[in-house]
């Protein structure tokens with residue numbers, strides 16, 4: 072196994088950390104949406120102005136992807152991650168628009184050793200994204216599978 | 072308001088429909104992951120082979136985005152959609168790999184008129200993605216806001 076900075080043991084319940092500065096651009100909003108979510112209020116500034124939302128905003132899936140990139144750069148690429156079975160809840164709290172600079176706060180809510188695969192643990196995180204003005208943009212809560220540094224230890 | 076094919080009234084609880092044929096390619100898996108989820112098992116075939124997952128697979132966020140594109144092409148671009156507050160649950164059931172051809176089955180689970188905004192309704196859908204061999208790949212359950220054709224009517 073490659074040597075990582077962080078293993079399952081390194082995320083303690085209650086710990087809070089903040090990462091990232093991801094600048095959202097008009098070009099990237101349109102490029103992502105053209106590929107994956109071509110609703111007009113995500114792809115066309117003029118049509119967005121006439122829509123219920125009033126101006127161009129990012130697809131929620133694009134916001135999710137940007138949050139994932141902040142998570143990767145913030146700690147996950149240095150972590151012995153083993154994937155995730157899904158996301159328990161994603162809330163898009165407010166539209167993400169060009170000029171927003173996103174950061175993500177990670178809270179560790181729960182952790183346990185896998186019963187069926189003792190080489191790994193399961194850790195539940197809440198990731199909250201805000202812009203540079205402190206406006207809540209997105210919350211996602213989910214469980215990640217992370218390799219244990221010492222699979223022979225107890226519940227750490 | 073633009074004229075759409077489908078309004079809130081057109082989605083009946085219990086209705087089931089299937090859409091799409093989205094072919095997943097190695098190039099797109101790597102391109103998406105390089106931008107938004109650069110964990111090595113999503114960006115590099117050789118490193119993926121040596122990883123816990125054994126071969127290159129799509130980021131779960133990429134799978135979510137591909138499912139959204141199938142939803143858009145299948146019905147949402149013809150629907151008076153007004154966004155979504157989030158996703159109640161996303162489950163990535165199995166890795167999505169190059170050569171998978173994804174389709175999505177939509178089940179309408181629940182619907183109601185918004186109390187605060189009577190011009191729209193809220194409809195809960197479960198979208199299940201499978202590949203061409205019928206393997207379950209992803210389930211997402213969430214509520215969409217959809218404009219009503221006739222906001223003066225009762226609960227439709």
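Protein chains in written order, with the numbering used here: chain A, 72 to 227; chain B, 72 to 227. Just so it is clear, CB atoms sit at the ideal spot from N, CA and C, and this is done for glycine as well.
> Residues of chain B with CB under 7 Å from residue 171(A), in chain order?
Replying inline: For residue 171(A), no chain B residue has a C-beta closer than 7 Å to its own C-beta; the minimum C-beta separation is roughly 16 Å.
>> According to DSSP, simplified to helix, strand and coil, what is residue 142(A)?
In response: The three-state secondary structure of residue 142(A), taken from DSSP, is helix.
> In terms of residue numbering, what span does the beta strand (DSSP E) encompassing residue 187(A) cover?
Replying inline: Per DSSP, residue 187(A) belongs to no beta strand (DSSP E) and is neither H nor E.
> At a CB-CB cut-off below 8 Å, which residues of chain B make contact with residue 129(A)?
Replying inline: Under the 8 Å cutoff, chain B gives no residues; its nearest Cβ is about 12 Å from residue 129(A).
> Taking three-plus beta-carbon pairs below 8 Å as touching, is the stretch 118-130 of chain B in contact with the stretch 175-186 of chain B?
Replying inline: Flag = no, the stretch 118-130 of chain B and the stretch 175-186 of chain B do not touch.
> If you draw a straight line from the alpha carbon of residue 124(A) to that of residue 144(B), how long is it in whole angstroms?
Replying inline: Near 21 Å, if we compare the C-alpha coordinates of residue 144(B) and residue 124(A).
> Could you give the residue range of the beta strand (DSSP E) that holds residue 76(A)?
Replying inline: Looking at the DSSP string, residue 76(A) is not in any beta strand (DSSP E), and its letter there is neither H nor E.
> If we call anything under 9 Å between Cβ atoms a contact, is residue 156(B) one with residue 216(B)?
Replying inline: A contact, by the Cβ cut-off of 9 Å.
> So, do the stretch 165-173 of chain A and the stretch 166-182 of chain B have three or more beta carbon pairs nearer to each other than 8 Å?
Replying inline: With a cut-off of 8 Å, the stretch 166-182 of chain B and the stretch 165-173 of chain A do not count as touching, because too few Cβ pairs lie within range.
> In the DSSP assignment, what are the bridge partners of residue 172(B)?
Replying inline: For residue 172(B), which the question treats as bridged, DSSP gives the partners 94(B).
> Which of helix, strand or coil does DSSP assign to residue 137(A)?
Replying inline: Here residue 137(A) carries a helix assignment [DSSP, helix/strand/coil].
> Using DSSP with H/G/I as helix, E/B as strand and the rest coil, what is residue 205(A)?
Replying inline: Three-state DSSP puts residue 205(A) in coil, outside helix and strand.
>> My assumption, with CB atoms under 8 Å, is that residue 100(A) sits in contact with residue 136(A). Please give the rounded CB distance.
In response: 11 Å between Cβ atoms; not a contact.
>> If I measure Cβ to Cβ from residue 132(B) and keep anything under 7 Å in the same chain, skipping five residues before and after, which residues do I get?
In response: 107, 108.
> Could you give the distance in angstroms between the alpha-carbon of residue 190(A) and the alpha-carbon of residue 222(A)?
Replying inline: Each residue's Cα considered, the two are about 5 Å apart.
> When you check each C-beta in the stretch 150-163 of chain A against every C-beta of chain B, which residues fall closer than 8 Å?
Replying inline: Result list: 152, 153, 154, 155, 156, 157, 158, 159, 160, 161, 162, 163.
>> For a cutoff of 9 Å on Cβ pairs, would you count residue 222(A) as touching chain B?
In response: Answer no: the Cβ-Cβ gap between residue 222(A) and chain B never drops below 9 Å.
> Who does residue 120(A) pair with in a DSSP beta bridge?
Replying inline: The partner list for residue 120(A) (beta bridge, DSSP) is empty, contrary to what the question assumes.
> How would you write the range of the beta strand (DSSP E) that residue 161(B) sits in, first residue to last?
Replying inline: Element bounds for residue 161(B): 160-163.
> Of the choices 200(B), 192(B), 147(B), whose alpha-carbon is the least far from that of residue 176(B)?
Replying inline: Nearest of 200(B), 192(B), 147(B) to residue 176(B), Cα basis: 200(B).
> Taking just the CA atoms, how far does residue 212(B) sit from residue 219(A)?
Replying inline: Just so you know, the alpha carbons of residue 219(A) and residue 212(B) end up roughly 31 Å apart.
> What does residue 143(B) reach in chain A if we use C-beta pairs closer than 9 Å?
Replying inline: Ordered by position in chain A, the residues that pass the 9 Å Cβ test against residue 143(B) are 107, 108, 109, 110.
>> Quick check: what's the CA-CA separation for residue 159(A) versus residue 139(A)?
In response: Taken atom to atom, the span from the alpha-carbon of residue 159(A) to that of residue 139(A) is near 15 Å.
>> Counting only beta-carbon separations shorter than 9 Å, does residue 219(B) have a partner in chain A?
In response: With its beta carbon at least 9 Å from every one in chain A, residue 219(B) lies outside the interface.
> Which residue's Cα is closest to the Cα of residue 84(B): 153(B), 182(B), 126(B), 78(B)?
Replying inline: It is 182(B) whose Cα lies nearest to the Cα of residue 84(B).
>> According to DSSP, simplified to helix, strand and coil, what is residue 199(B)?
In response: Residue 199(B): strand per DSSP, three-state reduction.
>> So with CB distances below 8 Å, who are the chain B contacts of residue 139(A)?
In response: Here the neighbours are 107, 108, 130, 132.
> With distances taken from CA atoms, which of 149(B), 111(B), 96(B) is nearest residue 111(A)?
Replying inline: Measuring from the Cα of residue 111(A), the nearest candidate turns out to be 149(B).
> Is residue 93(B) closer than 9 Å to residue 179(B) when the C-beta atoms are compared?
Replying inline: In this structure, residue 93(B) does not lie closer than 9 Å to residue 179(B) by Cβ.
> In chain B, which residues lie with their C-beta within 7 Å of the C-beta of residue 123(A)?
Replying inline: Within chain B, the residues placing a beta-carbon under 7 Å from that of residue 123(A) are 153, ordered along the chain.
> Going straight from the alpha carbon of residue 154(B) to that of residue 74(A), what length do you get?
Replying inline: C-alpha separation (whole angstroms): 43 Å.
> So who's on the other strand from residue 178(B), going by DSSP bridges?
Replying inline: Partner(s): 87(B), 197(B).
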